[in-house]
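Undergrad: Got a structure for you, written out below as structure tokens; questions coming shortly.
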Amino acid sequence: MFFLVLTSCTSALCQFSLDFSNADRGLNADWTGDLELFGVEEQRLRLMDRQGGRAVLAHPVSWSEGMSFEIDLELDFAPSGANGIDIYLWSQEEQLSVFDAYYLHIGESGSEDALMLYQRIDGSEDILAIAKIGAVATAPVRLSLRVDYLDGQWIIYTDYTGRRLYVEELRVSVDDDVSIISGFLGIECQYTSTRSDRFYFDDLYFGEMRVDTMGPQIIQSDLLSNKLNIIWDEYIQLTDQSLVTIDPLVDFELDQSDDSLSIRLNEELIYGQSYVVSLSRIADWYGNLSDTTLTFLVPFVPDFGDILINEILFNPTDDGADYIELKNVSDNPYSLIGWSLSNTDNNQERNINLSEMLAPGELICLTEDIDDIVDRYPFGDPARMRDTDIPPMNNGSGYIVLSYGDIIIDEVAYDEDDHHVSLDDVEGVSLQRLSGVPGRYWASSSAIDDYGTPGAENGIPLDWERQPLTLELLTPVISPDGDGYQDELEIDYVMDELDYLVRLNIYDDRGQLMIDLLNNEIVGGQGSWTWKGDNHDGDVLPAGIYVALVQLLSPESGSTHREKFTFVIAKNLD
């Protein structure tokens, strides 16, 4: 519902800048209209109606020479006659659709829908200009819009990627008989019930034109095969190939488009060689210049087995995320551009395309939800986790293939039966890769590692081989007083089998159980058990002589081992 408001608007009072970065800061008091139908969600303004209809927002404005209006919008549907939007640059009154106005319209059926500029004078509507045909015809529509008022003209800049890489698209004179010195600016959404919450808005600005004085900046550069692709933060202009040089000298060709430049290298590059690309006097559309130097290392072409699928979580707990960990086991660094992972069991493939190098011996964990993996696996390494698409993995079984272009680098089958026989529930337990055990690919992550080490070295080394069983007490005397010196009991172990379950109990000198540290838990190939000298209640045990009893059982082979260690808890070793 609207109420007629007589507004006296000075240039300063009518200016606004809204980015919705704080959910408590939505539209200010100068906005009128159907405010109750809009809310801030994920740092954007969103229409939140529950039924079909119309929703309007209006703000007083005063246009004058050098003023500008900017808005980012997304329509999560294909516009039609029943679902669209009018963006009012100026209306005589806050009832936008009634009085004299200039507005941009999106909302035609078919594949040729375009942004159209309308003029309404004395009830008569005319189309003044039509922008790029088909640019706003398919879902989702993303539009960054900027409108400047200069020399009595609307100058309309658009970017249909939503990135604000503006290009002038329309230039139309304002009717001499229309005064736009004061009035209203706003939006009017038209929608059916199925589209009533699919309008999004961000970064609204009205005020003096913001003049770009910065030269274009590189935001991404990738070397794929024989082509170096460079992307800037705005559209660029390159008129002379001599502005680009490469050292060491390489013959190349340039292909410039919008905000990107492709450098096709016509000579065979030297693997492991660093090349320096100098880009001079790269201009944006406003004439601002920048000089940039890039250094890129030519990656080696991998062979089968150079990078391995080292750990996988395919059956997460609750609604948790999967992950796939890769390890470079070669002597060469590899770029992760051009790689892909696929699950041939469900014919799903995902491109990796990470702009970084994987050094020899280095790990990287790929997942679609880093926060979830960090929360669930404290023994992982967040610094080696990357948020990227991975193919969906069935909980029961699958077949994962790692490829570089058309070259298969690694392929592994997994099955829930690959897990340790003692596990009744394998949800949340990752499988870790083995290469030193003939005929066996996987072992379950141990309970000591909270059943997963994403981005960190596995509890069972990749190249684990059978060794003599060894248990060694490293701290015959401990003083758990928090001074940093011999605070913990530590027992190192090396296993001769991978299927042992371990029980580790602490007894006093009279044989009374003090604490059961491990109770038939999966153990890795080698590592350490530690204990801080406390009981189940967290209280440090009194000084005295104690016994650590280690019992091992292999459910598959039936092998057992039992060993006792006597140690002392001392009050203070000083």
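Number 540 in the numbering used here belongs to position 539 of the sequence shown; there are no gaps in the numbering.
The beta-carbon is built from N, C-alpha and C at its ideal position, and this holds for glycine as well.
What you are looking at is a predicted structure, and each value in this text was computed from that prediction instead of being measured.
From what residue to what residue does the beta strand (DSSP E) around I219 run?
TA: Taking the first residue of the sequence shown as position 1, residue 219 is located at position 218. Residues I219 to L225.
Undergrad: The alpha helix (DSSP H) that contains I128, what's its start and end?
TA: To locate residue 128, count along the sequence shown from 1; it is residue 127. Taken as a continuous stretch (DSSP letters only), I128 belongs to no alpha helix (DSSP H), being part of the beta strand (DSSP E) at S125 to I131.
Undergrad: Answer yes or no: do A102 and V137 have a C-beta to C-beta separation smaller than 8 angstroms?
TA: Residue numbering aside, residue 102 sits at position 101 when the sequence shown is read from its first letter. Residue numbering aside, residue 137 sits at position 136 when the sequence shown is read from its first letter. Result no, Cβ atoms of A102 and V137 do not sit closer than 8 angstroms.
Undergrad: Check the C-beta distance from L105 over to D203 and give it rounded, since I have them as a contact under 8 angstroms.
TA: Locating residue 105 in the sequence shown gives position 104, counting from the first residue. Locating residue 203 in the sequence shown gives position 202, counting from the first residue. So it is not a contact: roughly 17 angstroms between Cβ atoms.
Undergrad: Looking at I231 and the ligand SAM, is the gap between the Cβ and the nearest heavy atom below 7 angstroms?
TA: In the structure on display, the ligand SAM does not appear, and there are no ligands present to speak of.
Undergrad: Is it right to say D477 is buried, meaning 16 or more other beta carbons lie within 10 angstroms of its own, or is it exposed?
TA: Numbered from its first residue, the sequence shown carries residue 477 at position 476. Asp is not the amino acid found at residue 477; the sequence shown has Pro there. Under this definition P477 is an exposed residue.
Undergrad: Please state the DSSP three-state secondary structure of P383.
TA: Locating residue 383 in the sequence shown gives position 382, where the first residue counts as 1. P383: helix per DSSP, three-state reduction.
Undergrad: Check for me: the beta strand (DSSP E) holding D252 runs from which residue to which?
TA: Within the sequence shown, numbered from 1, the residue matching residue 252 stands at position 251. First-last for D252: undefined, no H or E at that position.
Undergrad: Would D425 be called buried (16 or more neighbouring beta carbons within 10 Å of its own) or exposed?
TA: Locating residue 425 in the sequence shown gives position 424, counting from the first residue. Answer is exposed; the Cβ neighbour count stays below 16.
Undergrad: Does the Cβ of S529 have 16 or more other Cβ atoms within 10 Å, making it buried, or fewer, making it exposed?
TA: Residue 529 sits at position 528 when you count from the first residue of the sequence shown. Answer is exposed; the Cβ neighbour count stays below 16.
Undergrad: Using a Cβ-Cβ cutoff of less than 6 angstroms, which residues in the same chain neighbour C15 once the five nearest sequence positions on both sides are dropped?
TA: Numbered from its first residue, the sequence shown carries residue 15 at position 14. Closer than 6 angstroms at Cβ, skipping near neighbours: P61, V62 and S63.
Undergrad: Using three-state DSSP, classify I461 as helix, strand or coil.
TA: For this step, residue 461 is matched to residue 460 along the sequence shown. Three-state DSSP puts I461 in coil, outside helix and strand.
Undergrad: Between Q257 and D234, which are expected to be in contact by the criterion C-beta below 8 angstroms, what is the C-beta distance as a whole number of angstroms?
TA: Position 256 of the sequence shown, counted from the first residue, corresponds to residue 257. Position 233 of the sequence shown, counted from the first residue, corresponds to residue 234. In fact, because the Cβ distance is near 15 angstroms, the residues do not count as touching under 8 angstroms.
Undergrad: Taking only runs that begin and end inside the segment 420-487, name each unbroken beta strand (DSSP E) of 3 or more residues, in chain order.
TA: For the segment 420-487, whole beta strand (DSSP E) runs of length 3 or above, ordered along the chain, are 432-434, 443-445 and 471-474.
Undergrad: What residue range does the alpha helix (DSSP H) around D213 cover?
TA: Looking up residue 213 in the sequence shown gives position 212. Unbroken run through D213: none, as it is neither H nor E.
Undergrad: Looking only at DSSP bridge pairs, what is K565 linked to?
TA: Here residue 565 corresponds to residue number 564 of the sequence shown, with the count starting at 1. Looking at the DSSP assignment, K565 forms a beta bridge with L550.
Undergrad: Determine the DSSP secondary structure at Q242, reduced to helix, strand or coil.
TA: Residue numbering aside, residue 242 sits at position 241 when the sequence shown is read from its first letter. Helix, per DSSP.
Undergrad: Measuring alpha carbon to alpha carbon, tell me which of P393, I313 and F185 ends up nearest N348.
TA: By one-based count along the sequence shown, residue 348 stands at place 347. For the residues P393, I313 and F185, the minimum Cα distance to N348 belongs to P393.
Undergrad: Identify every residue that forms a DSSP beta bridge with M117.
TA: Locating residue 117 in the sequence shown gives position 116, counting from the first residue. In the DSSP output, where bridge partners are listed per residue, M117 has H106 and I131.
Undergrad: Quick check on the DSSP output: what are the complete alpha helix (DSSP H) runs of length 4 or more inside the segment 340-412, in order along the chain?
TA: Counting whole runs of 4 or more residues, the segment 340-412 contains the alpha helix (DSSP H) stretches 371-377.
Undergrad: Looking at the structure shown, is D35 part of a helix, part of a strand, or coil, going by DSSP?
TA: In the sequence shown, counting from the first residue as 1, residue 35 sits at position 34. It is coil, neither helix nor strand.
Undergrad: In this structure, what does DSSP give as the bridge partners for K228?
TA: Within the sequence shown, numbered from 1, the residue matching residue 228 stands at position 227. K228 pairs with L225 and R265.
Undergrad: Is it true that the segment 24-39 meets the segment 160-179, where meeting means three or more beta-carbon pairs spaced less than 8 angstroms apart?
TA: No: the two stretches stay apart, fewer than three of their Cβ pairs being nearer than 8 angstroms.
Undergrad: Buried or exposed: which applies to F315, given that a residue is buried once 16 or more other Cβ atoms fall within 10 Å of its Cβ?
TA: Translated into the one-based positions of the sequence shown, residue 315 becomes position 314. It is buried - the Cβ of F315 has at least 16 other Cβ atoms within 10 Å.
Undergrad: State the DSSP-derived secondary structure class of D500, mapped to helix, strand or coil.
TA: Translated into positions along the sequence shown, residue 500 becomes position 499. Looking at D500 - three-state DSSP - the assignment turns out to be coil, as it is neither helix nor strand.
Undergrad: In this structure, does DSSP put T139 in helix, strand or coil?
TA: Counted from its first residue, the sequence shown places residue 139 at position 138. Residue state, collapsed to three classes: coil.
Undergrad: Count the other C-beta atoms from every protein chain shown that fall within 10 angstroms of the C-beta of E466, then say buried if there are 16 or more, exposed otherwise.
TA: As a first step, residue 466 is located in the sequence shown; it is residue number 465 there, counting from the start. So E466 counts as exposed.
Undergrad: Determine whether the beta carbon atoms of D223 and I338 lie at a separation below 8 angstroms.
TA: Taking the first residue of the sequence shown as position 1, residue 223 is located at position 222. Taking the first residue of the sequence shown as position 1, residue 338 is located at position 337. Yes, they are a contact pair.
Undergrad: Let me know the secondary structure DSSP gives S92 once reduced to three states.
TA: Residue 92 sits at position 91 when you count from the first residue of the sequence shown. Three-state result, S92: strand.
Undergrad: Looking at the structure shown, is T318 part of a helix, part of a strand, or coil, going by DSSP?
TA: The count along the sequence shown starts at 1 and reaches residue 318 at position 317. In the structure shown, T318 sits in coil (DSSP, three-state: anything other than H, G, I, E or B).
Undergrad: Among P249, D510 and F70, which residue has its Cα nearest to the Cα of L151?
TA: Within the sequence shown, residue 151 is the residue found at index 150, counting from 1. Closest by alpha carbon: F70.
Undergrad: Which of helix, strand or coil does DSSP assign to T193?
TA: The count along the sequence shown starts at 1 and reaches residue 193 at position 192. Coil at T193, not helix or strand.
Undergrad: Rounding to the nearest angstrom, what Cα-Cα distance links K572 and D538 in this structure?
TA: Taking the first residue of the sequence shown as position 1, residue 572 is located at position 571. Taking the first residue of the sequence shown as position 1, residue 538 is located at position 537. For K572 and D538, the distance between alpha carbons rounds to 19 angstroms.
Undergrad: Is L205 near I88, with beta carbons less than 8 angstroms apart?
TA: As a first step, residue 205 is located in the sequence shown; it is residue number 204 there, counting from the start. As a first step, residue 88 is located in the sequence shown; it is residue number 87 there, counting from the start. Contact: no.
Undergrad: Alpha carbon to alpha carbon, how far is N459 from P379? Give it in angstroms, no decimals.
TA: Position 378 of the sequence shown, counted from the start, is the residue given in the question as residue 379. Position 458 of the sequence shown, counted from the start, is the residue given in the question as residue 459. Near 13 angstroms, if we compare the C-alpha coordinates of N459 and P379.
Undergrad: Going by the CB atoms, is the gap between D50 and A56 shorter than 8 angstroms?
TA: Residue numbering aside, residue 56 sits at position 55 when the sequence shown is read from its first letter. Residue numbering aside, residue 50 sits at position 49 when the sequence shown is read from its first letter. Cβ distance < 8 angstroms, so A56 and D50 count as in contact.
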